[in-house]
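Student: The following block contains the structure, expressed as structure tokens.
Residue numbers (the numbering used here): 977 to 1285.
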């Protein structure tokens, strides 16, 4: 009996921190160019009214500013995990039901309920002279390898910098063609998977539009046709279309003085953290063998090592 008990203890799932069900969901919506009142009247109030129908609801709170809003929903503390999962499903479904009532040009709503994930390992991928897009490609390669590792539920990339397209056009040229900033934004919005993120610079001499979405399609953007009356203008003939990182950036990660993209691993339930840690370490060793000179992988946190100690 003693031997069987010891073997059972050794095979039992282990973690540094216990599983915990978070009962909070965040809903975010972005509407470029809208005022606070427009966001409240046409977006926030409609979503909040629908969220009041959520089962086991504790409260709904919102923070609104010009162009965006964040709505926080919490279910009651005595709600069991299965009911929490169903409540969050209902949130997505109910907000989806009113999507046709929300204004055109709205980005989202986006849902986030994954606050309870605990990284068992966190690694940095960095390299002197390597750009963020290059580092992100390495991180994607590592993530795909990690997701095939037994016991790994998620591999999350942190700190990658979004790429955007920037369209620069003279205000004078737009006026001469009978075009407006709205005409330009509507033409961009008509492209699949591309959204104008709003005007960055609307001075008297020039207009700059940042574009979110499939930023590999600069050539398609240049070929956009803008119509004013009987005149049709190719965007590439009057504007400069360039790609680049988000400017200004929202957050930036560095490791030992170099730009860094980080990768966190979440363990699946029922697994032993020390066993999964060994498999993750082996995966990273295989990954490092594929990297070019100058790219390094460094471990930042190691929960399996803490548990083992």
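We treat Cβ as the ideally placed atom computed from N, Cα and C, and that holds for glycine.
Values in this document were obtained by computation on a predicted structure and should not be read as measured data.
1) Could you have a look at residue 1206 and say whether DSSP puts it in helix, strand or coil?
2) Among 1048, 1070, 1043 and 1264, which residue has its Cα nearest to the Cα of residue 1099?
3) Report buried or exposed for residue 938, applying the criterion of at least 16 other Cβ atoms within 10 angstroms of its Cβ.
4) Smallest Cα separation from residue 1254: which of 1085, 1127, 1021 and 1102?
5) Grab the span of the alpha helix (DSSP H) containing residue 1252 for me, first residue to last.
6) Alpha carbon to alpha carbon, how far is residue 1068 from residue 1080? Give it in angstroms, no decimals.
7) Given this structure, state the Cα-to-Cα distance separating residue 1251 from residue 1078, to the nearest angstrom.
8) Do you know offhand how far residue 1218's Cα is from residue 1276's?
9) Please look up how many angstroms separate the CB atoms of residue 1096 and residue 1273, rounded, as I've assumed it's under 8 Å.
10) Can you tell me whether DSSP reads residue 1094 as helix, strand or coil?
11) My output table needs one value for residue 1200: the three-state DSSP class, helix, strand or coil.
12) I think residue 1085 touches residue 1023, with their Cβ atoms under 8 Å apart; what is that distance to the nearest whole Å?
13) Quickly, what does DSSP pair residue 1006 with across the bridge? List them, please.
14) Using three-state DSSP, classify residue 1275 as helix, strand or coil.
15) Cutting at 8 Å between CB atoms, please list the residues of its own chain near residue 1041, excluding the five before and the five after it.
16) Between the C-alpha atoms of residue 1082 and residue 1256, what's the straight-line distance to the nearest angstrom?
17) Residue 1221 and residue 1118 look like a contact to me (Cβ under 8 Å); what is the Cβ gap, rounded to whole Å?
Tutor: Judging by the given coordinates:
1) Numbered from 1 along the chain shown, position 230 holds the residue referred to as residue 1206. It is coil, neither helix nor strand.
2) Against the chain shown, residue 1099 aligns to sequence position 123. When each option's Cα is compared against that of residue 1099, the closest is 1264.
3) The structure shown has nothing for residue 938, since the chain only spans 977 to 1285.
4) Counting from 1 along the chain shown, the entry for residue 1254 is found at position 278. With distances taken between Cα atoms, residue 1254 lies closest to 1127.
5) The residue given as residue 1252 occupies position 276 in the chain shown. Residue 1252 -> alpha helix (DSSP H) spans 1249–1264.
6) Locating residue 1080 in the chain shown gives position 104, where the first residue counts as 1. Locating residue 1068 in the chain shown gives position 92, where the first residue counts as 1. Distance between the alpha carbons of residue 1080 and residue 1068: 19 Å.
7) On the chain shown, position 275 is the one that residue 1251 refers to. On the chain shown, position 102 is the one that residue 1078 refers to. Spanning the two alpha carbons is a distance of roughly 48 Å.
8) Position 242 of the chain shown, counting from 1, holds the residue named residue 1218. Position 300 of the chain shown, counting from 1, holds the residue named residue 1276. Approximately 35 Å, taken between the alpha carbons.
9) Along the chain shown, one-based indexing puts residue 1096 at 120. Along the chain shown, one-based indexing puts residue 1273 at 297. Contact flag wrong, Cβ pair sits at about 16 Å.
10) Here the question's residue 1094 lines up with position 118 in the chain shown. Three-state DSSP puts residue 1094 in coil, outside helix and strand.
11) Walking along the chain shown from the start, residue 1200 turns up at place 224. Reduced to three states, the DSSP call for residue 1200 is coil.
12) To locate residue 1085, count along the chain shown from 1; it is residue 109. To locate residue 1023, count along the chain shown from 1; it is residue 47. Confirmed, Cβ separation roughly 7 Å.
13) Here residue 1006 is taken as the residue at index 30 of the chain shown, counted from 1. Partner(s): 1044 and 1083.
14) Residue 1275 sits at position 299 when you count from the first residue of the chain shown. Residue state, collapsed to three classes: strand.
15) Within the chain shown, residue 1041 is the residue found at index 65, counting from 1. Cβ within range, chain order: 1012 and 1015.
16) Locating residue 1082 in the chain shown gives position 106, counting from the first residue. Locating residue 1256 in the chain shown gives position 280, counting from the first residue. Taking the straight line joining both Cα atoms gives about 40 Å.
17) Residue 1221 sits at position 245 when you count from the first residue of the chain shown. Residue 1118 sits at position 142 when you count from the first residue of the chain shown. Separation of the CB atoms of residue 1221 and residue 1118 is rounded to 21 Å, and the pair is thereby denied contact status at 8 Å.
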